[in-house]
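Residue numbers (my numbering): 57 to 596.
In what follows, a single structure is set out as structure tokens and then discussed.
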Amino acid sequence: MTGGVNGVALAVFVLFFLAVTVMGFLAARWRKAGDGYTLDEWGLGGRSFGTWITWFLLGGDVYTAYTFVAVPAAIYAAGAAGFFAVPYTILVYPLIFTFLPRLWSVCHRHGYVTTADFVRGRFGSKGLSLAVAFTGILATMPYIALQLVGIQAVLDVLGVGGGENTNWFVKDLPLLIAFGVLAAYTYSSGLRAPAMIAFVKDTLIYVVIVVAIIYIPIKLGGFDDIFTQASKKYAAAGAGGLLPPAEGRWTYATLALGSAMAMFMYPHSITATLSSRSREVIRRSTTVMPLYTLMLGLLALLGFMAIAAGVKVTNGQLAIPQLFEDMFPDWFAGVAFAAIGIGALVPAAIMSIAAANLFTRNIYKDFIKPDATPAQETKVSKLVSLLVKVGALVFVLTMDKTVAINFQLLGGIWILQTFPALVGGLFTRWFHRWALLAGWAVGMIYGTVAAYGVASPTQKHFGGSAKEIPGIGEIGYIGLTAFVLNVVVTVVLTFALKAAKAPEGIDATAPGDYTADAAEAEALSASTLRPGTSPAPNLG
């Protein structure tokens, strides 16, 4: 790093930051509903977004500040193994094209706001619903923290806040200001704020990546020289190189598959999905989503460019911001930093809203105040969204950044354990609710204990997300191993509980709910129920 403040880049960064801040507050008036005091309005944008807005929101789940910083940073440090993010986003789109429209239909039909709402309605189990809600909140917290880590990385490269020996308040003041702005406009505008800002965010990201993939190789002598320099560095370090090492291929494959399965289990992904206005919007949006994978592949190449450019950093998360400062003119470096910073604001806002909705609907309303009015639900959700962000901020300010990253990896292991209840429940009622809860518990315990036993050069525990797969002997993704154990326990116990004729709970959904589009769902809702209630149960 240069050691001083890059005034031009900082001015451009601040200009964009102020622009999206204004947009965030103005979003409260965008598509404003007559009654804004409901979770449908504040937490789901009135369920009114069309194809492009939904696409930008879903893209916020792919292109976070963490993605922009960490994916090329992984390649910078470890070689082609860091490319696992590219195949997993390829795998995820056919998967979500299959189940997201079904989820949207049943949630629209019954007024469900969260995945835990659906699980409770499908299996008639508040306990299973609580488990899904708890897992969602737990997995989301470190993910929000990593967005703040992304902003902090940009601020460090800009030279804002002073060095490591600076007073902690002065050093962290810029991050505290960014946090305060994010918290204020999320509280005021709800999901409409990140939906509006997502346009700016993704446009900036596309521009920066396209310019970087053309401009930087020209300055470095072309891709041939870039790959040659990267290959030499990996060979010297024994890090595998331009292909994943043979002993790491099971890890690569299982991490890609497990990450693909986990990606749309996160609450913020579902929040973006349920905000759309029709089933067909979901289908069209997921059809166009592979454009993000194309750009992600180009983004990953920046890790090789950082090596060829001679970037030297003690914290790998700073490699790409430092590359931008070294290679771009100051004004465009500011644009690139703004892309990363705004790339943190959008997902952090969606994540905090999603976590707050889970707490409000599936903990507060189900167990604390069952008679809560829609206005009370909205008030609680707004307050909890603030508390979630405060928790993430404390996490960032008090813990080492590598700890935050490893806890996010642990969050992926946890959230994958909700897959059988959510995706399985969308296609079959065969699984027994108690079996699903037992399978979830086994997956959570195994995944947490196994991750606890993984060490790294900087951590004694929770040092990674890969470990030897029992019975196979290969190193693989802990989350996928835990998922397999989860499914085995669920299937075996379902057979046992059905044989014992254990009570299965009431299914509040009907087969037609899973394929209904907006007009049909609204007509059914108007004739049979008010929002948030359930129709006559289906015992099949």
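Don't be surprised by glycine CBs; every beta carbon is placed ideally from N, CA and C.
>> With H, G and I counted as helix, E and B as strand and the rest as coil, what does DSSP make of A556?
In response: coil
> Does DSSP classify K516 as helix, strand or coil?
Replying inline: coil
>> According to DSSP, is E524 part of a helix, a strand, or is it coil?
In response: strand
>> Which runs of the alpha helix (DSSP H) at least 4 residues long sit entirely within the stretch 386 to 432? Give them in chain order.
In response: 386 to 415
>> What residue range does the alpha helix (DSSP H) around Y308 cover?
In response: R305 to M319
> Can you tell me whether DSSP reads I531 as helix, strand or coil?
Replying inline: strand
> Between the stretch 335 to 347 and the stretch 149 to 156, do three or more beta carbon pairs fall short of 8 Å?
Replying inline: yes
>> Report the CB separation of P323 from T196 in whole angstroms; it is logged as a contact under 8 Å.
In response: 6 Å
> How big is the Cα-Cα spacing for G60 and T191?
Replying inline: 42 Å
>> Taking 9 Å as the threshold (C-beta atoms), are A251 and I109 in contact?
In response: yes
> Does DSSP put D563 in a helix, a strand or coil?
Replying inline: strand
> Do you know offhand how far T259's Cα is from V205's?
Replying inline: 22 Å
> Does the stretch 433 to 445 touch the stretch 94 to 102, meaning 3 or more C-beta pairs lie closer than 8 Å?
Replying inline: yes
> Alpha carbon to alpha carbon, what distance is there between T171 and D126?
Replying inline: A quick correction: the sequence has Ala, not Asp, at residue 126. The straight-line gap from Cα to Cα measures roughly 28 Å.
>> With the cut-off set at 9 Å, would you say N462 and A189 are in Cβ contact?
In response: no
>> Can you tell me where the alpha helix (DSSP H) holding L206 begins and where it ends?
In response: It is worth fixing the name first, because residue 206 is Gly in this sequence and not Leu. Looking at the DSSP string, the run of the alpha helix (DSSP H) that includes G206 is K182 to L214.
> Skipping 5 residues on each side, what residues in its chain have a beta carbon closer than 6 Å to that of Q373?
Replying inline: V125, A129 and A209
> Any idea if W490 is buried or exposed, counting beta-carbon neighbours within 10 angstroms, 16 or more meaning buried?
Replying inline: buried
>> Just verifying my parser: in three-state terms, what is the DSSP assignment at S331?
In response: coil
>> Once the 5 residues before and after W111 are set aside, which same chain residues still bring their CB inside 6 Å of it?
In response: S341 and V344
> According to DSSP, is F105 helix, strand or coil?
Replying inline: strand
>> Less than 9 Å between the beta carbons of V547 and V498, yes or no?
In response: no
> For L482, which of Y144, M321, I265 and P301 has the nearest alpha-carbon?
Replying inline: M321
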